[in-house]
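Take a look at the structure set out below.
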Amino acid sequence: MSELQTEAETLFTGISQLVSPLPGLQRGAAMRAIRVKPDAAMLVRGGVVAWVGPARSAPAAAHVHDLGGAAVVPGLIDPHTHAVWAGDRLSDFEARVSGVTYEDILAGGGGIRRTMQATAAASTEDLVRLARPRLLALQASGATTTEVKSGYGLEFAAELRMLEAFRTLQNEFALVPTLLIHVPPTSGRAAYIRAVCEELIPQVAAAGLAAAVDVFCEGEAFSVAETRTILEAARHAGLPFKLHADQFQTLGGTELACELGALSVDHLEASGPAQIAALAASQTVATLLPGVTLHLGLPAAPGRRLIDAGAAVAVGTDLNPGSSPVYSTQFALALAVRLCGLTPAEALSACTVNAACALGLHDRGALTPGQRADFLVLNSPDWRDLAYPLGTSPVGSVYRGGLNISRGAMP
Numbered sequence: 000m001s002e003l004q005t006e007a008e009t010l011f012t013g014i015s016q017l018v019s020p021l022p023g024l025q026r027g028a029a030m031r032a033i034r035v036k037p038d039a040a041m042l043v044r045g046g047v048v049a050w051v052g053p054a055r056s057a058p059a060a061a062h063v064h065d066l067g068g069a070a071v072v073p074g075l076i077d078p079h080t081h082a083v084w085a086g087d088r089l090s091d092f093e094a095r096v097s098g099v100t101y102e103d104i105l106a107g108g109g110g111i112r113r114t115m116q117a118t119a120a121a122s123t124e125d126l127v128r129l130a131r132p133r134l135l136a137l138q139a140s141g142a143t144t145t146e147v148k149s150g151y152g153l154e155f156a157a158e159l160r161m162l163e164a165f166r167t168l169q170n171e172f173a174l175v176p177t178l179l180i181h182v183p184p185t186s187g188r189a190a191y192i193r194a195v196c197e198e199l200i201p202q203v204a205a206a207g208l209a210a211a212v213d214v215f216c217e218g219e220a221f222s223v224a225e226t227r228t229i230l231e232a233a234r235h236a237g238l239p240f241k242l243h244a245d246q247f248q249t250l251g252g253t254e255l256a257c258e259l260g261a262l263s264v265d266h267l268e269a270s271g272p273a274q275i276a277a278l279a280a281s282q283t284v285a286t287l288l289p290g291v292t293l294h295l296g297l298p299a300a301p302g303r304r305l306i307d308a309g310a311a312v313a314v315g316t317d318l319n320p321g322s323s324p325v326y327s328t329q330f331a332l333a334l335a336v337r338l339c340g341l342t343p344a345e346a347l348s349a350c351t352v353n354a355a356c357a358l359g360l361h362d363r364g365a366l367t368p369g370q371r372a373d374f375l376v377l378n379s380p381d382w383r384d385l386a387y388p389l390g391t392s393p394v395g396s397v398y399r400g401g402l403n404i405s406r407g408a409m410p
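Printed below as a string of structure tokens:
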């Protein structure tokens, strides 16, 4: 049998549980309504799920692969990472654990600005070399699609180098690139925002270097009015958009995201009743980043209250050198259960179909006919082991488009 035939059609058998949410955005209680099919099989044809059902009813296929009685879940989707950077933040880490706040470190020229200096000095080749092992770690943890943000360049040439690095890595890791307008310069703020809107965003859109624009709306970053200006420029350029908001303060960024129809608003550690109500009444996805809570000691984002109010919730790692050095999407899922109050079923929906919708994607995240055959084979017959362990991975094999992409996997 040729490799082409194997790739074209494979029946996966020996599945103790095939577990999946329904495709598309899941809100509130619907996030718990996952389907668990015992003793199942799945037919993959041309990289897409063609059939799922009981093993006893499985159709014939060109190739059959027995998964040995393991549970299978959709591949995880990480909707928020900063995986491409240079330098380190070890001195910031030491200062923070000694009592200096994240905001004070940023205001003093450290934090994001320290990473910006190192990243701006790196070549595209350097950025690719540094990012690849981070992305491999996320992939090994179960991430079959990963969003990556720029934002550590500040200078436009450096931002473009970051985006070019993403392009180099895009096919290898199924990356979704985002142009992040992260923090303003220390002087010339108005001129910088004008140039972002009139030069950088149109250039990035014309070159197809980003799938969306993101803005950090916080006291030490951009105001609500400035954020609105940048997001309207993104809309004019034909790019979807999203926000970092409510990480430290509730300035109105979440309400702005909901008003303008942002794909997502991410962080939400400081969100209260007004922000929860706005998200529950909108199509904007609330993306939780529990690694920040763990690493910075911030209050956890109100995941339980968001879901109970009827919002659509996603979960990401926020992998970055300063506030969330989390290299495992599965670990972020497990933290969302423990810190943000999600059930394992809600966390699975948050890390699959809802994370896909937070990226504007609708062809992945569920194991139903017509969806991409991105899935995980667990080291367990029970899918709930995905959310249970800490410090070791429950993921045995990672498949993208029906092909095993686990490092060291046989063809």
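For the sequence shown, position 396 matches number 395 in numbering that gives the first Met the number 0, and the numbering has no gaps at all. We put the beta carbon where it would ideally sit given N, CA and C, even for glycine. Predicted model, so just to flag it, every value in this text is computed and none were measured.
Residues of its chain near residue i, where Cβ-Cβ distance is below 6 Å and the 5 sequence neighbours each way are ignored
i: Ala220; result: Val182
i: Arg26; result: Gly309, Ala311
i: His64; result: Thr9, Phe11
i: Leu3; result: Note that Leu3 scores 36 on pLDDT, short of 50, meaning its location in the model is unreliable and no value can be drawn from it.
i: Leu338; result: Pro289, Thr292, Ala299
i: Arg88; result: Pro320, Gly321
Cα-Cα separation between residue i and residue j, rounded to whole angstroms
i: His235; j: Val212; result: 12 Å
i: Met0; j: Thr144; result: Note that Met0 scores 31 on pLDDT, short of 50, meaning its location in the model is unreliable and no value can be drawn from it.
i: Glu171; j: Pro324; result: 22 Å
i: Pro132; j: Val35; result: 33 Å
i: Thr351; j: Gly296; result: 26 Å
i: Glu197; j: Val336; result: 42 Å
i: Ala300; j: Gly400; result: 33 Å
i: Thr185; j: Leu105; result: 11 Å
i: Arg160; j: Gly13; result: 45 Å
i: Ala120; j: Ser97; result: 29 Å
i: Tyr191; j: Pro380; result: 54 Å
i: Gly52; j: Asn353; result: 23 Å
i: Ile275; j: Arg303; result: 10 Å
i: Ile111; j: Gly67; result: 46 Å
i: Ala94; j: Trp50; result: 54 Å
i: Gln202; j: Thr283; result: 26 Å
i: Thr5; j: Pro368; result: Caution is warranted here: a pLDDT of 42 is assigned to Thr5, below 50, making its placement in the model unreliable, and the coordinate value is therefore given only provisionally. Taking the straight line joining both Cα atoms gives about 19 Å.
Contact with chain C by residue i, beta-carbon distance below 7 Å
i: Gly68; result: Structure shown: chain C not included; a single protein chain is present.
Under 7 Å between C-beta atoms of residue i and residue j
i: Asn319; j: His81; result: yes
i: Arg363; j: Asp373; result: yes
i: Ala69; j: Ala54; result: no
i: Leu10; j: Ala60; result: yes
i: Val291; j: Asp317; result: yes
i: Val83; j: Leu126; result: yes
i: Ser149; j: Leu162; result: yes
i: Ser19; j: Ala365; result: yes
i: Ala273; j: Leu305; result: no
i: Leu287; j: Val264; result: no
Own chain residues within Cβ distance below 7 Å of residue i, not counting five before or after
i: Val223; result: Cys216, Leu250, Gly251, Gly252, Leu255
i: Arg371; result: Gly46, Val47, Asp362, Arg363, Gly400
i: Ala386; result: Leu332, Ala333, Val336, Pro343, Ala346
i: Phe247; result: Glu102, Glu217, Gly218, Ala269
i: Ala117; result: Ala85, Gly86
i: His294; result: Ser322, Ser323, Pro324
i: Asp245; result: Gly252, Thr253, His266, Leu267, Glu268, Ala269, Ser270, Gln274
i: Thr226; result: Val214, Cys216, Leu242, Gly252, Leu255
i: Gly109; result: Asp91
Where residue i falls: helix, strand or coil (DSSP)
i: Ala127; result: The question names Ala, yet the displayed sequence has Val at residue 127. Three-state result, Val127: helix.
i: Glu8; result: strand
i: Cys339; result: coil
i: Tyr101; result: helix
i: His64; result: strand
i: Arg406; result: coil
i: Thr292; result: helix
i: Gly400; result: coil
i: Phe247; result: coil
i: Gln16; result: strand
i: Ser379; result: coil
i: Ala372; result: coil
i: Ala70; result: strand
i: Cys216; result: strand
i: Leu75; result: strand
i: Ser1; result: With a pLDDT of 34 at Ser1, under the threshold of 50, the modelled position of this residue cannot be trusted, and the question is left open.
i: Ala142; result: strand
Nonlocal neighbours in the same chain, by C-beta distance under 8 Å from residue i, ignoring five residues either side
i: Ala210; result: Val175, Pro176, Thr177, Leu238, Pro239, Leu358, Gly359
i: Pro393; result: Gln329, Leu377, Asn378, Ser379, Asp384, Leu385, Tyr387
i: Leu24; result: Gln282, Val284, Ala311, Val352, Asn353, Cys356
i: Leu262; result: Ala211, Pro239, Phe240, Lys241, Thr283, Val284, Cys356, Ala357, Leu358, Gly359
Paired residues, beta bridge with residue i - DSSP
i: Thr177; result: Lys148, Ala211
i: Met41; result: Phe11, Val51
i: Val80; result: Sequence inspection shows Thr at residue 80; the Val mentioned does not correspond to that position. DSSP lists Leu318 as partners of Thr80.
i: Thr286; result: Asp265, Ala313
i: Val394; result: Leu377
i: Leu242; result: Val214, Val264
i: Phe221; result: Cys216
Heavy atom of the ligand GDP within 6 Å of residue i beta-carbon
i: Phe330; result: This structure lacks the ligand GDP; in fact it carries no ligand of any kind.
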